[in-house]
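Taking it in order: structure first as structure tokens, then the write-up.
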Amino acid sequence: MFRTKTFVFSWLCFCHLVGVFADADEVKSVSVKEGDSVTLNTSLTEIQKDDQVLWKFGLNRSVIAKISQEAGIFNTYDGPDERFRDRLQLDNQTGSLTITNTRTTDSGLYEVSIKNSSSEAKNRFNVTIYRTVSSSSSHPPDSVSLTVLTSAAAAAAVGSLLIGAAVGIFCIYKKYRKTDQEDQTVQTRTEEITYSVPKFYKSSAQKAEVKQEDEAMYARVARNADQTRQ
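Using mature numbering (1 follows the signal peptide of the UniProt record, and there is no 0), the letters of the sequence shown map in sequence onto residues -22 to -1, 1 to 208.
Below is the structure:
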């Protein structure tokens, strides 16, 4: 009988210790968007006269808030690098801590310890402050992205085709223009040659005619001279 009672007592003590350590090691995860406020709650519904509430932050366990009803202390502190300056608020009834205008540097481990003459309790919070991408630069859904990419590719292809067509038309126009200019040059030269040939023949005929006239005149002069001698 004694052994049974001893076993039961030992088992109850073990369960109590396990419960205490389990509560001490329990960490609540809290996530909040940057710029929003977050409230870390204590296990109290109302602070008693002999309660002491102490809030700590980070691996160095820096004190960021303290409440002591007996000592009349109800303070918040700026914390490491004054990162919490003017951004901490305490609930005077429950001792809960509110962080306003949160920043990514507020992420980390928070611990609150509540002591009185008969007990001590602790709560831990792993707080994560995340940034949100603005609507103007946020990524659209995959289907929308695919549609946008497809449209962009199609537009690029059409643009390339238009540019290629314009270049081709310009080259063809330039080639035909050059050919026309060459044809006009050849035609002009041909006309000049054709015009020069009749002119040449006309000039030759005129020379022959003048020569014949000179010969006839010479013959008449010679004939007159002979007649005069006789």
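Each residue gets a CB set at the ideal place from its N, CA and C atoms; glycine is no exception.
Secondary structure note for Asn53: its beta strand (DSSP E) is the uninterrupted segment 51 to 54. Taking 9 Å as the cut-off, the beta carbon of Asn101 is found closer than this to the beta carbon of Ser21. Taking the C-beta atoms as reference points, Val105 is found no nearer than 9 Å to Val31. Residues of the same chain with a CB within less than 8 Å of the CB of Val10, apart from the 5 flanking positions on each side, are Val16, Thr80, Val105, Thr106, Ile107, Tyr108 in chain order. The Cβ-Cβ distance between Leu87 and Ile42 does not fall below 9 Å. At a Cβ-Cβ threshold of 9 Å, Lys27 and Glu48 count as neighbours. With 16 or more other Cβ atoms inside 10 Å of its own Cβ, Thr54 counts as buried. Of the other Cβ atoms in all chains shown, fewer than 16 fall within 10 Å of the Cβ of Gly146; this residue is therefore exposed.
Per DSSP, the continuous beta strand (DSSP E) segment holding Val90 begins and ends at 86 to 93. Val90 sits buried, since 16 or more C-beta atoms from the chains shown fall within 10 Å of its C-beta.
Look at the segment 13 to 37 and you find these whole runs of beta strand (DSSP E), each 3 residues long or longer: 16 to 18, 30 to 35. The straight-line gap separating the alpha-carbon atoms of Glu193 and Arg201 is approximately 12 Å. Residue pairing of Gln67 in beta bridges, as defined by DSSP: Thr76. Inter-residue distance for Gly50 and Ser97 is about 20 Å (C-alpha atoms, whole angstroms). Annotation: Ser85 to Ile77 spans about 11 Å, alpha carbon to alpha carbon. Here Val136 carries a helix assignment [DSSP, helix/strand/coil].
When DSSP reads this structure, Tyr108 sits in a beta bridge with Lys11. Annotated three-state conformation of Arg102 is strand, per DSSP. The beta carbon of Lys93 lies closer than 6 Å to those of Gln30 in the same chain, with the five residues before and after it left out.
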